[in-house]
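J.:
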Amino acid sequence: MGKVRRLFKHTAVYSIGLFLKKAIGFFLIPIYTRVLPPSEYGILALSYLFVSFSLLFSALGLNTAFFKWFTSEGREKEAASTLLWFKIFIISPVLVFFMMFAKPISLLVFRKSLPELIILSILIVITENIATFFTLILRAEEKSFAYVLVNTVRFLLNMGLNIVFVVVFRLGVKGILFGDLISLVFLIILALPFVFKHFAWTLDRELLKKMFGYGLPLLPLTLIMLLLELSDRYLINIFKGTGEAGIYTLGYQFGTILQLFILGFRFAWEPFFFKNPEEKELFSRAGLLFLRIGLFMWTGLVFLLPEIFKIFVSPVYHSSMAVVSVVAAGYIFFGLHEVFSAPFFIHSRTKLLIPIAGVSFLLNFLLNLYFIPRWGGMGAAFTTLLSYFVLAVLSYIYAQKIMRVPHKLTAITIDTVVTFLIYVLLKDTGLIVRLSAILIVSIYLYLRSFKMNLRVR
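Numbering-wise (this note's numbering), the sequence shown opens with residue -18 and increments by one.
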């Protein structure tokens, strides 16, 4: 199988699993929007924001370091056991300690006293840290089907538990978090047979030091990227309240459908460029193919959006539809950033990504301070688009100084502009015309690939 074909085979498997997760989440949207008022939906969004930041800091960059030592250094069992016991005996007790401060933390996060939600969120962080360890092994061994299987079963269980806790027992946000926690425990049990062979009763201190040396510099980069992605919801909550934050969050969730494809690509892209560090032409071809698949998916999403909202979303949330196309377009540029950034990782120059991400976040934060009080969610959406565009441009410029990759910028620009232009011209037409537009874009992108003799190897 050709190298690029293999790359997109793994991308497809991971993306299908991630899309199944998102699809399960979409089935819950009608339930959430009919049972939870916008203010409580906003509290749920802030709970997940707290979990995301806690996972970032508690991981300490060790997950990325583990991937390096497990796959390229030939120390599978030492890396696995060291990371597992560190998570269980060091990180978990520290997180338990923070439960003592649940009330003041809840005042900071929610601007109201909800300590029980903070306690549940911390328990989720502890459990997800361990669950992530199991799924890291599956990724490192390229067991993409097993990875998708255990995660899909987990999400199906989560969906069932959420229906019971939210609809039957009327537990609200607390019930949703309970469902998350129980399903994570089940994932650990389900994944255990796949990874048990890597367990050992050892914690290699020297290896742990090396993993810290490699992983800790990635922590500020990950933090900046997380702030870039999530800070807008917190600012909307401050300036516009939890109701507006909840409505924007729902629209943002639809926009992040593109993020699922990007994440699936990233799962496959990292081992691809590490195994083929000198295959610059392959990088270029893979990047252009990634863009064209992404543009096709974006077109399908935005042209079918009115029908999707009619089926899945309560009318009280329909105003969130306006942000979806803008946020999704932003994620296309975020994906290009992932493509362009390979040289930073190949040549161990990831520290250069910190100021690049920092400039993008600073731009995002300042523009949000100006636009959110005036335009609300739409201001945040356009700021997201511009910030990710700047991130992609800066990543390309500085990556080329490290390693020149012959990316086809002209083709990238033309394909993106033509696709966006077709959307602008036809977005307000009837369903038949919009379906025809999806077909037109797909044929156009296919013919462009054929004309340029894009051979996938």
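For glycine and all other residues, C-beta sits at the position ideal for the given N, C-alpha and C.
#1: Alpha carbons only, please: which of Phe401, Gly224, Leu204 and Arg135 is nearest the one belonging to Trp279?
#2: Count the other C-beta atoms from every protein chain shown that fall within 10 angstroms of the C-beta of Arg385, then say buried if there are 16 or more, exposed otherwise.
#3: Would you report the Cα separation of Leu25 and Glu97, rounded to the nearest angstrom?
#4: Go ahead and label Lys190 buried or exposed: buried means 16 or more other beta carbons lie within 10 angstroms of its beta carbon, across all protein chains shown.
#5: Which residue comes first and which comes last in the alpha helix (DSSP H) that contains Ala181?
#6: Note down, in chain order, each residue of its chain lying with its Cβ closer than 8 angstroms to the Cβ of Arg330, except the 5 sequence neighbours on either side.
#7: So, at 8 angstroms on beta carbons, what are the nonlocal neighbours of Val437 in its own chain, with the 5 sequence-adjacent residues on each side left out?
#8: Assess, as a yes-or-no matter, whether the segment 172 to 189 is touched by the segment 0 to 19 under the definition of 3 or more beta carbon pairs within less than 8 angstroms.
#9: Spell out a yes or no on whether the segment 98 to 106 and the segment 20 to 37 are touching, meaning 3 or more CB-CB pairs, one atom from each, closer than 8 angstroms.
#10: Do Ser376 and Phe321 have their beta-carbon atoms positioned less than 8 angstroms apart in this structure?
#11: As a quick exercise: from Phe8, Ser423, Thr365 and Ile413, pick the residue whose alpha carbon is nearest that of Leu208.
#12: Smallest Cα separation from Gly222: which of Ile10, Pro19 and Phe8?
#13: Going by C-alpha to C-alpha distance, which of Ile217, Leu202, Gly(-2) and Phe352 sits closest to Ala440?
#14: In whole angstroms, what separates the C-alpha of Ala303 from that of Leu416?
#15: Buried or exposed for Leu426, please, with buried defined as at least 16 other CB atoms from any protein chain shown within 10 angstroms of its CB.
#16: Over what stretch of residues does the alpha helix (DSSP H) that includes Pro324 continue unbroken?
#17: Between the beta-carbon of Ile403 and the beta-carbon of Ile421, is there less than 8 angstroms?
#18: Output the distance between the C-alpha atoms of Thr(-8) and Leu168, rounded to the nearest integer angstrom.
#19: Can you name, in chain order, every residue of its own chain whose Cβ lies under 7 angstroms from the Cβ of Ser94, other than the five neighbours on each side?
#20: Among the residues of its own chain, which have a CB less than 8 angstroms from the CB of Phe48, if the five just before and after it don't count?
T.: Per the coordinate set shown:
#1: Against the sequence shown, residue 279 aligns to sequence position 298. Closest option to Trp279, Cα to Cα, is Phe401.
#2: Working through the sequence shown from its first residue, we reach residue 385 at position 404. Exposed, by the Cβ-count rule.
#3: Counted from its first residue, the sequence shown places residue 25 at position 44. Counted from its first residue, the sequence shown places residue 97 at position 116. Roughly 13 angstroms between the two C-alpha positions.
#4: As a first step, residue 190 must be located in the sequence shown, where it is residue number 209. Exposed is the call here.
#5: Your numbering for residue 181 matches position 200 in the sequence shown. Element bounds for Ala181: n/a, residue is neither H nor E.
#6: On the sequence shown, position 349 is the one that residue 330 refers to. For Arg330, where only same-chain residues beyond five positions count, the Cβ hits under 8 angstroms are Pro324 and Ile383.
#7: As a working mapping, residue 437 is identified with position 456 in the sequence shown. At Val437 the pLDDT is 45, less than 50, meaning the model places this residue with poor confidence; the figure from the coordinates comes in the next sentence. Here the set comprises Gly(-17), Val(-15), Arg(-14), Phe(-11), Arg266 and Leu270.
#8: no
#9: yes
#10: Taking the sequence shown and counting its residues from 1, the one referred to as residue 321 is at position 340. Taking the sequence shown and counting its residues from 1, the one referred to as residue 376 is at position 395. Yes, they are a contact pair.
#11: As a working mapping, residue 208 is identified with position 227 in the sequence shown. Ranking the options by Cα distance to Leu208, first place goes to Thr365.
#12: Residue 222 sits at position 241 when you count from the first residue of the sequence shown. Answer by Cα proximity: Pro19.
#13: Examination of residue 440 is not possible in this model, given that the chain is present from -18 through 438 alone.
#14: Indexing the sequence shown from 1 puts residue 303 at position 322. Indexing the sequence shown from 1 puts residue 416 at position 435. So the two alpha carbons sit approximately 19 angstroms from each other.
#15: Within the sequence shown, residue 426 is the residue found at index 445, counting from 1. Buried is the call here.
#16: The sequence position of residue 324 within the sequence shown is 343, counting from 1. From DSSP, the alpha helix (DSSP H) with Pro324 extends over Ala323 to Ile327.
#17: Here residue 403 refers to the residue found at position 422 of the sequence shown. Here residue 421 refers to the residue found at position 440 of the sequence shown. Going by C-beta atoms, Ile403 is nearer than 8 angstroms to Ile421.
#18: Along the sequence shown, one-based indexing puts residue -8 at 11. Along the sequence shown, one-based indexing puts residue 168 at 187. Their backbone Cα atoms lie some 22 angstroms apart in a straight line.
#19: Mapped onto the sequence shown, residue 94 falls at position 113. Hits under 7 angstroms: Lys84, Ser87 and Leu88.
#20: Translated into the one-based positions of the sequence shown, residue 48 becomes position 67. Once the five neighbours on either side are set aside, the close Cβ partners of Phe48 are Leu117, Arg120, Ala121 and Glu251.
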